[in-house]
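One structure is given below, encoded as structure tokens.
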């Protein structure tokens, strides 16, 4: 450039509490101009060559040449309930659009783009997401929220939902793994004895559960069957939550071991999950309960789901 000082260019930055003036090279000056004008610095102008730039970690959900749609993201995270969709949309905004905080309107506006109906009672659903600890309000910005570690753990565990047809999962990211603390707690449940555990299909674990005949009397069994049928749970987390909720009401006990939950599944003529202990772990990691003294205890968050989210409002049976 003509008229360039011998040392390069003079750059001055002034603002509240700041007054800076420096002599910089042409490369740095051009890079600063590009940034100020809203563009990116040109390679060779204060920037490393692409071949020399460090490669970013392989993140299948990060913004890349393969842009992931919100519909794909909901499928891959297996979000089925409105509360699950809310936190999944929030995380999508974070990883795909670098929007680290959001408000309720940001979320509501995205349901349509994913071909999803907007929740009829969005404030209630959003309040449940807050109670679950999946999102939290930014202390520095009232009305703005962010996805918490607990929320990401729930996404990592696919909310305990079984794989849906056509949905894909990746080798990392939201792969269905259980957080180590939750996994440890779930594996300590039920006092497994040597030989009671066997492996199938490449290592997935299952346990030989037994029937607890004295769990409920005949009226109690009938009441449990009616309650389960009316609630119509859609996934394993909901199944266990419904059974634990009603068993607590019928027995006046807070927690139940794996044999008792298995017995409840048999009473309502439903299939016990192959990895029931893993379901307990997912629910623990999602903030829906805990394992104590080898018994699973569903907490108020799980009870809220049973009371308010079930039966599903958009269930086909409701439209017939």
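Residue numbers (our numbering): 129 to 448. All residues carry an ideal CB built from backbone N, CA and C; glycine is no exception.
Original post:
With distances taken from CA atoms, which of 399, 427, 396, 379 is nearest residue 411?
Top reply: 427
Original post:
Which residues in the same chain have their Cβ closer than 7 Å to the Cβ of residue 254, if we skip the five residues on either side of it in sequence?
Top reply: Shown here for residue 254: same chain residues with a beta carbon closer than 7 Å to its own, the five before and five after excluded, namely 214, 232 in chain order.
Original post:
Opposite residue 425 in the DSSP bridges: which residues?
Top reply: Residue 425 is bridged to 418.
Original post:
residue 146 bridges to which residues according to DSSP?
Top reply: 143
Original post:
Given a threshold of 16 other Cβ atoms within 10 Å of its Cβ, counted over all protein chains shown, does residue 132 qualify as buried or as exposed?
Top reply: At residue 132 the pLDDT is 49, less than 50, meaning the model places this residue with poor confidence; the figure from the coordinates comes in the next sentence. Exposed is the call here.
Subject >> DSSP state of residue 228 mapped onto helix, strand, coil >> reply: coil
Subject >> Range of the contiguous alpha helix (DSSP H) that encloses residue 255 >> reply: Note, residue 255: alpha helix (DSSP H), 250 to 260.
Original post:
Can you tell which of 431, 362, 373, 196 has the C-alpha that lies nearest to the C-alpha of residue 351?
Top reply: 373
Subject >> Alpha-carbon to alpha-carbon, residue 438 and residue 358 >> reply: 8 Å
Original post:
Going straight from the alpha carbon of residue 405 to that of residue 417, what length do you get?
Top reply: Roughly 13 Å between the two C-alpha positions.
Subject >> For residue 431, three-class secondary structure by DSSP >> reply: helix
Subject >> Stretch pair the stretch 376 to 385 + the stretch 240 to 259: three plus CB contacts closer than 8 Å >> reply: no
**OP:** Compare the beta carbon distance of residue 205 and residue 216 with 8 Å and say whether it is the shorter of the two.
**Re:** yes
Original post:
Can you name the residues that DSSP bridges to residue 138?
Top reply: In the DSSP output, where bridge partners are listed per residue, residue 138 has 151.
Original post:
Between residue 419 and the ligand GTP, is the CB less than 7 Å from at least one heavy atom?
Top reply: No copy of the ligand GTP occurs in the structure displayed, which carries no ligand at all.
Subject >> Buried versus exposed, by CB contacts within 10 Å (16 or more), residue 324 >> reply: Any answer about residue 324 is weak, because its pLDDT of 38 lies below 50 and its placement is not dependable; what the coordinates show is given next. Exposed is the call here.
**OP:** Spatial neighbours of residue 348 within its chain, please: CB distance less than 7 Å, with the 5 preceding and 5 following residues excluded, ordered by chain position.
**Re:** Once the five neighbours on either side are set aside, the close Cβ partners of residue 348 are 378.
Original post:
How should residue 335 be labelled, buried or exposed, when 16 other C-beta atoms within 10 angstroms of its C-beta is the threshold for buried?
Top reply: Counting C-beta atoms within 10 angstroms of its own C-beta, residue 335 has 16 or more neighbours from the protein chains shown and is therefore classed as buried.
**OP:** Rounded to whole angstroms, what's the CA-CA distance from residue 162 to residue 260? Just pull it up for me.
**Re:** 44 Å
Original post:
Just the Cα atoms here: how many angstroms apart are residue 371 and residue 340?
Top reply: 15 Å
Subject >> Identity of the residue in 286, 262, 282 nearest residue 276 by Cα >> reply: Closest option to residue 276, Cα to Cα, is 262.
Original post:
Under three-state DSSP, which class holds residue 237?
Top reply: helix
**OP:** Please name the residue, chosen from 199, 273, 272, that lies closest to residue 241 on a Cα-to-Cα basis.
**Re:** Distance check between residue 241 and each of 199, 273, 272 places 199 closest, using alpha-carbon atoms only.
Subject >> Any alpha helix (DSSP H) of 4 or more consecutive residues that is wholly inside the stretch 373 to 401 >> reply: As far as the stretch 373 to 401 is concerned, its whole alpha helix (DSSP H) runs of at least 4 residues are 386 to 395.
**OP:** Per DSSP, which residues does residue 264 bridge with? Please list them.
**Re:** 274
Subject >> Simplified DSSP assignment, three categories, for residue 211 >> reply: helix
Original post:
Quick one: what does DSSP say residue 335 is sitting in, helix, strand or coil?
Top reply: strand
Subject >> Closest residue to residue 197 among 212, 234, 238, 209 (Cα-Cα distance) >> reply: 238
**OP:** Grab the span of the alpha helix (DSSP H) containing residue 406 for me, first residue to last.
**Re:** 404 to 413
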